[in-house]
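Novice: Below is one structure. I have some questions about it.
Numbering (UniProt numbering), first residue to last: 1 to 424.
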């Protein structure tokens, strides 16, 4: 606080804190004038009534000077970051603003709002970009039970409180003192509402692509602050891009291979709450691959033999067994199991020769076909002179299970002998 008088008065200025008025922020510092030119004034100054009169005169002068000072905002809360559902307080302290309107406003978000305000566009967009008054003086004007206003007369502080903060409350809040039609004093508080990540519905859920083509997996998420997106594979398998982790919203796979199929995970994390995760199933269409653990199987005549093929294909293939290029099916000689596709696109198919005879010795072909191609594998059954119980089936067609037991033979033989004796 400064106190000055015209230099022509040749007055010395002494300062003394002489108290305050109803507004504590408007502390009045009295100017005690001492002419220092005559003893008469000194004697008058020592006179208590005259001194009080001088003080009151000076205070009146200072009140006039002070009422002409420009209002200022002496304090504003720092920017606030909070979580959804919390309660926040924004403080704004003013000086020399008793006679001026003080407001809290919520400023609209978006670059378009700044353009609309600067060009004064009369449109629906500019209407949505109009600042929203929340309070005027000590009165709340917005109709929302979550908002409240407190005014502390001792510090001339206007406190705007928001309970149960929502994401829509995120904005820049402005404390404003209106000085005139074209003049105002403003300070701002940016409210950021932190929000845990959530993966959006436009994220890829599954893709089906043909082998050797390209695939693209997209992942989008919301949250405050904006979450970081990363990709992983199930069981931390190596990604087609290399490594076990890829950062970014879009995972591009060039020349995808059947080994790249499986489950991928999109992970969103912004350090607020739990991470969000979405699994994406990648299916790769490819022609059949037929695998056999052996090229030939030896078995003795009369014993069973089983041929096995493993087929890898997507879509699931149709499987055919052939004997010397002639299609065979389940009958009294063969039992064929076409199998079923597992979750990893494998199919196990078998053909069982119930009881091997010479006509069943030869080459068998396992043929698999889908819309992308055909593949086959040939296995050969050869004769052995002893039963093969390792890769064959040790069940002899001529075993006791297929013929009468020894006791039956003996009974029949005894009956025949008895008939002969009786005849003779």
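Every residue gets a Cβ at the ideal spot worked out from N, C-alpha and C, and that includes glycine. Nothing here was measured: the structure is a model prediction, and the numbers come from that model.
At which residues does the beta strand (DSSP E) containing residue 269 begin and terminate?
Specialist: Note, residue 269: beta strand (DSSP E), 262 to 269.
Novice: Going by the DSSP bridge assignment, what does residue 175 pair with across the sheet?
Specialist: Bridge partners of residue 175: 104, 187.
Novice: What residue does the beta strand (DSSP E) around residue 91 start on, and which one ends it?
Specialist: Where residue 91 is concerned, the enclosing beta strand (DSSP E) stretches over 88 to 95.
Novice: Do the stretch 179 to 196 and the stretch 242 to 252 touch if we need at least three Cβ pairs shorter than 8 Å?
Specialist: These segments do not touch.
Novice: Got a sec? Which residues, its chain only, sit under 6 Å from residue 172 by beta carbon, not counting five neighbours each side?
Specialist: Cβ neighbours of residue 172 beyond the five flanking positions: 107, 188, 190.
Novice: Could you name each continuous beta strand (DSSP E) segment of 3 residues or more that falls completely within the stretch 219 to 286, going from the start of the chain to the end?
Specialist: Whole beta strand (DSSP E) segments, 3+ residues: 221 to 224, 228 to 233, 250 to 253, 262 to 269.
Novice: State the start and end residues of the unbroken beta strand (DSSP E) segment that holds residue 368.
Specialist: Its beta strand (DSSP E) spans residues 362 to 370.
Novice: To the nearest angstrom, how far is the alpha carbon of residue 274 from that of residue 351?
Specialist: Approximately 53 Å, taken between the alpha carbons.
Novice: Which stretch, first to last residue, makes up the beta strand (DSSP E) that contains residue 351?
Specialist: That run of the beta strand (DSSP E) goes 346 to 353.
Novice: Just list the residues that DSSP pairs residue 147 with in beta bridges.
Specialist: Note: residue 147 sits in a beta bridge opposite 162.
Novice: Can you pull the DSSP bridge partners for residue 337?
Specialist: Answer is 350, bridged to residue 337.
Novice: Excluding sequence positions up to five away, which residues of its chain have a Cβ less than 6 Å from the Cβ of residue 148?
Specialist: Closer than 6 Å at Cβ, skipping near neighbours: 161.
Novice: How about residue 262 and residue 237: are their beta carbons less than 8 Å apart?
Specialist: Cβ atoms of residue 262 and residue 237: closer than 8 Å.
Novice: Return the chain-ordered list of same chain residues with a C-beta closer than 6 Å to the C-beta of residue 142, the five sequence neighbours on each side being excluded.
Specialist: Only 134 meet the Cβ criterion.
Novice: Spatial neighbours of residue 84 within its chain, please: C-beta separation below 8 Å, excluding the five flanking residues on both sides.
Specialist: 165, 166, 167, 193, 194, 195.
Novice: Beta strand (DSSP E) containing residue 132: first to last residue?
Specialist: Where residue 132 is concerned, the enclosing beta strand (DSSP E) stretches over 132 to 136.
Novice: Leaving out five residues before and five after residue 277 in sequence, what residues of the same chain have Cβ atoms less than 6 Å from its Cβ?
Specialist: Excluding sequence neighbours, residue 277 sits near 265, 267.
Novice: By a C-beta neighbour count over all protein chains shown, 10 Å radius and 16 as the cutoff for buried, is residue 204 buried or exposed?
Specialist: So residue 204 counts as buried.
Novice: Between the C-alpha atoms of residue 109 and residue 232, what's the straight-line distance to the nearest angstrom?
Specialist: Distance between the alpha carbons of residue 109 and residue 232: 35 Å.
Novice: With a threshold of 8 Å on Cβ separation, who are the neighbours of residue 80 within its own chain once the five nearest residues in sequence on each side are excluded?
Specialist: Result list for residue 80: 88, 90, 189, 190, 191, 192, in chain order.
Novice: Under 8 Å, do residue 304 and residue 354 count as touching if we go by C-beta distance?
Specialist: Closer than 8 Å, so yes.
Novice: Using the Cα positions of residue 100 and residue 69, report the straight-line distance between them to the nearest angstrom.
Specialist: C-alpha separation (whole angstroms): 12 Å.
Novice: Roughly how many angstroms separate the alpha carbons of residue 298 and residue 382, rounded to a whole number?
Specialist: Distance between the alpha carbons of residue 298 and residue 382 is about 5 Å.
Novice: Just tell me which of 140, 153, 175, 374 has its CA closest to the CA of residue 290.
Specialist: Ranking 140, 153, 175, 374 by Cα distance to residue 290 puts 374 first.
Novice: Can you give me the start and stop residues for the beta strand (DSSP E) that residue 295 sits inside?
Specialist: Run containing residue 295: none; DSSP gives neither H nor E here.
Novice: Pull up the distance between the alpha-carbon of residue 22 and that of residue 137, whole angstroms please.
Specialist: Confidence in residue 22 is poor, its pLDDT being 40 and thus under 50, which makes the residue's placement too unreliable to answer from.
Novice: Determine the DSSP secondary structure at residue 169, reduced to helix, strand or coil.
Specialist: Helix, per DSSP.
Novice: List the whole-angstrom C-beta distance separating residue 156 from residue 221, where the pair is believed to meet the contact cut-off of C-beta under 8 Å.
Specialist: Their Cβ separation, rounded to whole angstroms, is 44 Å, which puts residue 156 and residue 221 out of contact at 8 Å.
Novice: Starting from residue 316 and walking both ways along the beta strand (DSSP E), at which residues does that stretch end?
Specialist: Careful: residue 316 lies outside any beta strand (DSSP E) and carries neither H nor E.
Novice: Grouping DSSP H, G and I as helix and E and B as strand, with all else coil, what is residue 45?
Specialist: Per-residue confidence for residue 45 stands at a pLDDT of 46, beneath the threshold of 50, marking its modelled position as unreliable; no derived number is given.
Novice: When the distance is taken between beta carbons, is residue 285 closer than 8 Å to residue 234?
Specialist: Result no, Cβ atoms of residue 234 and residue 285 do not sit closer than 8 Å.
Novice: From residue 181 to residue 226, what does the alpha carbon distance come to, in whole angstroms?
Specialist: Cα to Cα, the separation comes out at about 40 Å.
Novice: DSSP three-state label for residue 206, please.
Specialist: Strand, per DSSP.
Novice: Below 8 Å on the Cβ atoms is my guess for residue 311 versus residue 347; work out the distance and round it to an integer in Å.
Specialist: Yes, residue 311 and residue 347 are in contact; Cβ-Cβ is about 4 Å, under 8 Å.
Novice: Kindly indicate which three-state DSSP category residue 36 falls into: helix, strand or coil?
Specialist: The predicted model places residue 36 with a pLDDT of 40, which falls under 50 and marks its position as unreliable; any figure quoted below should be read in that light. Reduced to three states, the DSSP call for residue 36 is coil.
Novice: Is DSSP giving residue 194 helix, strand or coil here?
Specialist: Three-state result, residue 194: strand.
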